[in-house]
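Top line first, the protein sequences correspond to chains S and D. One gets our numbering by counting positions in the first sequence from 1 and adding 703 to each. One gets our numbering by counting positions in the second sequence from 1 and adding 1 to each. Here's the structure, in structure tokens; my notes come after.
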Amino acid sequence: MSPLQLAWSTLLRNLRGGQLGVLLGALIVAVAALTSVGFFTDRVAKAVDREANVILAADLRLRATQDPGSLYLEQARAQGLTTAQAVTFPSVVVSGDASQLAAIHAVTSNYPLRGELRIAERLFGAESTRRDGPPPGEAWADPELLARLGLDTGVDLDVGTTTLRVTGVLQYRPDQAIGFVGLAPDLLINIGDLAATGLVQPGSRITWSLLFAGPVQAIDKFAAGLKDQLKPGQRLQTIGDSGEQIRSAIERAQSFLSLAALIAVLLAATAVAVAARRYAQTQVDGVALMKCLGASQGYVLRATLWELLLLGLAAGVVGSLLGFFAQAGIAWFVIDLIDGGLPAPGISPLFSGVITALAVLTGFALPSMLALRTVPPLRVLRHDAAPRPVSTLVSYLTAVGVVVALLVWLVGAGRLLLISVVGLSLGAALLSGAGWLLVLGLRPLRNAGGAAFRYGLANIARRRGESVAQIVAFGFGLAVLLLLSVIRTDLLDTWRTNLPADAPNHFIINVQPSEVAGVRAVFERNGLTPPDLAPLVRARITAVNGVAAQDVSATGEGRQLLRREANLTWADRLDPSNTLTAGEFWDPGTSRLEVSVEDDAARDMGLQLGDQLEFGVAGQTFAATVTSTRQVRWDSFRPNFYLLLTEAALREAPATFISGVYIPDANRQVLLELVRAFPTVSVIDLQSVLAQVRGVMDRAALAVQFVFLFTLLAGIVVLLATIQATREERRYEAAMLRTLGASRGLVFKGVLAEFVGLGALAGILATLVAMLMAYLLATDVFQLDYRPATWLWIGGPLLGTLLVGIAGVLATSKVVSHPPVAVLRAH
Amino acid sequence: MSKNTGPILKAIRLTKKVSSPEGELTILDNVSLEVPRGQTLAVVGSSGAGKSTLLALLAGLDEPTTGEVWLGESELTALDEDGRAALRNRQVGFVFQSFHLLPALTALENVLLPLELAGEADARGKAIETLRQVGLEARMSHYPRQLSGGEKQRVAIARAYVGAPQLLFADEPTGNLDRRTGEKIIELLFRLNAGTGTTLMLVTHDTNIAQRCQRRVGIEGGRLVLDETSAAA
């Protein structure tokens, strides 16, 4: 019989016999939790990517200040990509006596390539979605444009030298969030009518956009090729730079989902460790007998490894299937909430499942199982002959190694990894230390209380090592459950409230200095808080420390800032959505020329404090010193800037003012009043962008809640495993006690006292650990101000006592009721 | 031919010492013993006398502090654990007081185990035949928990004999059985032994059982205190 055959039959027989139940269960829960998260996050990530692309109305977009011609389009089509075009420019449109500045978007019929247009037949009419632009001869107008003109659909509009019929109200176009400094409300026309308008002349302020869509790999390949051909004035836009708001939201969503996944796996791994230890114990006699009958150490080792491998494969496949069905179930629940549904999951989580099962077995089961090799055959005669225990250090190092590997795999080698490792290590050390303290602190208590109480405490003290292990396991399980509850409720609430219901839902832009007071007055008249308006100055960075801007090497956003016009602002104090990270912010009213740079931009441009930035504004140049850097919360939806200067630097520069304001639905008339009173002021509706970000957050919340179910399941398996690990021993002890005259009630109360004691302590410790981790996660990863809820202080210990107490009662009811004579005879 | 005529088992000045909280304890003190092939031998003594320790050392389940054990022509004490295991697999059978059947295996699978470990051909046929010999052909697919104490011990005996060992160790084989069942088991053991010519070494404190053996070795306080051979045997 080969070791493989023996492993196979042992596995089958032990499965039938029930010895593998808890171990396999724990492993399947681990795999199912991870793969369901894997499958689900895979789908959500795809959906998020897809929706992020919607913001471009394409997968890739090229913006050009000169007509790029058809070369790129031909190249794209040759590579199997779909293409569309948009040409954007401001122009006055006329209807009868009324005229109004509009942002003309001339698009091909197949615009948009990603996302949908929302069109109403008339003002305030019902919306319908469209995946094509207006046909030639027709135009779709922004409701604001129609309001300013005092018109509705069905009228003719003169656009340059041609006349178009307004057939729809343009409520939404997917790419409206790009570059919010649009000057006027939109008018969407067919690109075929462009020539007839006669508006495309040399010197006109026109933006040409080429839109590309296709499979991810094809897009990546095409983009790489395109980058090398770009001419001045041409810029590629991908999902990566399609708006800091969305990017920030996606990153947070991913952090949340990864965290949820790794917590579930770690909890289940704890159960696997406990269950594997017990399983190994049940195998000791059998191995001793086999050695007695002639099996070698190598044979036992090979059979053990095969057994683990088979177990891992089985749990990997079963768990993955379970995970797949579970995510399909949850996806079915949320499908209505997600525009366009979720894309199908990839099959990679299936492989992850098998790898996870094997990794968890290696880290948490292998050390216990390897000890079987050293079972002395003498055990067949003397039951106290035990295998050499695996060194505790080796077991812990193996487990820690696998955990770190899993963490790196799941969340990457980033800050989240560091925090998780530190949190877990601290938690384990804290729990172990407290466990020892409890056991030591029991001595004076053992003379107090009744017999049951003493019996319970004596049990904890006598099985000192096991007690500490149980406290650590219970405590860890509870800490993870609590942490997830904290994340699901507390952190998520904090996170959501960081985007309060009155987060700005409109941007007001293009306000002239002379209009600032008037704009504020409109809000006041309507009973709304007048907005703070931030100045906006268009300028170029001409030099850095005396080196011409085009010669300065920079990446990412820094590169954009150096190569094109930048939006500058001035302020006397920092907006609440900004945090200073280096240097000092200037005093109000300073006459010095200073600049504060956003962190990422400073890094991308390689700027240090004290560096000199030279700006060119309206033909004038001046230099400002970098005196501070800032972190900016872009998703605060407040007007924010990479470059913030002192008023002294920009006082003379031509500026317009912008602001982010919250306008309740009931007060939307203020918008009409605003655009009528100040025709050149533009209002941008942020609702759709906000809705998109909220959608991402909700999806993350749903996924976390979903994983919570699995983590709960894993927590229960941990409890079962730890209780089952000592059941045989307890059964024997209960029989002994009852033989010596203890009543069933006494034995029962004793065991209950022990479990309640363990549970309460584990609960208190878990609460502390969960709060510590929640605090670290909140402040360091998610950048939230976190205040723990009071329920945690009471709920944590109570949950520990109840959970462990109830599990103890359930698991011990059989122990107590077992006939003592049967137990003693078996021994 | 000397291989087949010399003693099957030879112990030379076996001593086993263990450390305990009270200091070093000598469990077995300078025991020498020779067992001819085919002999039935009872090791008798009171509880804690060192019977099981002697059995463990003779079977190579444990290592002596000093002394040698020879199984046929092989010196057990010169082999490592794997070497001893291989030798046991080929030449030694065991019957234990508490049966030591694997609970997850059926009666047939338990009997099959030593043959499968040895990679023997037609293991199944041999196992079935041996189970038939102990009268359990109808219980082959039963698990240990479905068998009575006597039936369990018969499975254990079948497992011990299935590999046709030259030497069979039985450690208090009736210790967990009632008297009537115990007698039946002893009958079976001796019947099979007579049929196969296996050397039987039986540890017991039951003088009646000891009297059925050709030779009795008494052990007390770790020393041999008796070595008698029945004239009738």
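Just so you know, even glycine gets a beta-carbon here, dropped at the ideal spot from N, CA and C. If you're wondering where the values come from, they're calculated on a predicted model, not measured in any experiment.
Determine the burial state of residue i: buried for a count of at least 16 other Cβ atoms within 10 Å of its Cβ, exposed for fewer.
i        : result
S21(D)   : exposed
D889(S)  : buried
S945(S)  : Low confidence applies to S945(S): its pLDDT is 45, below 50, so where it sits in the model is not reliable enough to give any reading.
F1028(S) : exposed
T1442(S) : exposed
S654(S)  : For chain S, the structure presents residues 704 to 1530; residue 654(S) sits outside this window and is missing.
I1050(S) : exposed
M2(D)    : With a pLDDT of 38 at M2(D), under the threshold of 50, the modelled position of this residue cannot be trusted, and the question is left open.
S1217(S) : exposed
V19(D)   : exposed
By the DSSP assignment, the beta strand (DSSP E) with residue i in it spans what residues?
i        : result
F915(S)  : T910 to A916
V797(S)  : T785 to S798
I13(D)   : L10 to S21
Q904(S)  : Neither: Q904(S) is in no beta strand (DSSP E) and is coded neither H nor E.
V858(S)  : No beta strand (DSSP E) holds V858(S); DSSP gives it neither H nor E.
E1297(S) : E1297 to E1301
T200(D)  : T200 to V204
W71(D)   : T67 to L72
S1051(S) : Run containing S1051(S): none in the beta strand (DSSP E); it sits in the alpha helix (DSSP H), S1051 to V1063.
What residue does the alpha helix (DSSP H) around residue i start on, and which one ends it?
i       : result
L852(S) : P846 to L852
Please state whether DSSP places residue i in a helix, a strand or coil.
i        : result
S807(S)  : It should be pointed out that residue 807(S) corresponds to Ile in this sequence rather than to Ser. In the structure shown, I807(S) sits in a strand (DSSP, three-state: E or B).
W1289(S) : coil
F97(D)   : coil
D172(D)  : strand
A195(D)  : helix
F1325(S) : strand
G1462(S) : helix
Y1345(S) : coil
N177(D)  : coil
N893(S)  : strand
Contact criterion: CB-CB distance below 9 Å. Does residue i meet it with respect to chain D?
i        : result
L1014(S) : no
K994(S)  : yes
G1019(S) : no
P1080(S) : yes
T1095(S) : no
A1477(S) : no
D1488(S) : no
G1498(S) : no
By Cβ distance, which residues of its chain are closer than 6 Å to residue i, with the 5 residues on each side in sequence left out?
i        : result
I731(S)  : A1018, V1021 and G1022
H143(D)  : A108
D1275(S) : P1291
V1335(S) : N1281, E1301 and N1343
M202(D)  : L42 and F170
S1299(S) : S1331, R1333 and L1347
G818(S)  : V757, A760 and P877
Once the 5 residues before and after residue i are set aside, which same chain residues still bring their CB inside 7 Å of it?
i        : result
A1465(S) : I1174, F1177, G1178, L1181, G1503 and V1507
V734(S)  : A1018, G1019, G1022, S1023, G1026, G1056, T1059 and A1060
T230(D)  : Q215 and R216
Verify the CB distance criterion: does residue i have a CB-CB separation below 9 Å to chain S?
i       : result
E152(D) : no
H101(D) : yes
E23(D)  : no
N90(D)  : yes
D179(D) : no
L118(D) : yes
A87(D)  : yes
L114(D) : yes
P104(D) : yes
Going by beta carbon distance, what residues of the same chain come within less than 8 Å of residue i, once the five residues before and after it are set aside?
i        : result
T1258(S) : D1307
F1325(S) : L1296, E1317, F1318 and A1352
I187(D)  : P174, T175, I210 and R213
Inset, instruction - Taking a Cβ distance cut-off of 7 Å, strictly less, list which residues of the segment 48–66 of chain D are near chain A, in chain order. - result: This model lacks chain A altogether; the protein chains it does include are S and D.
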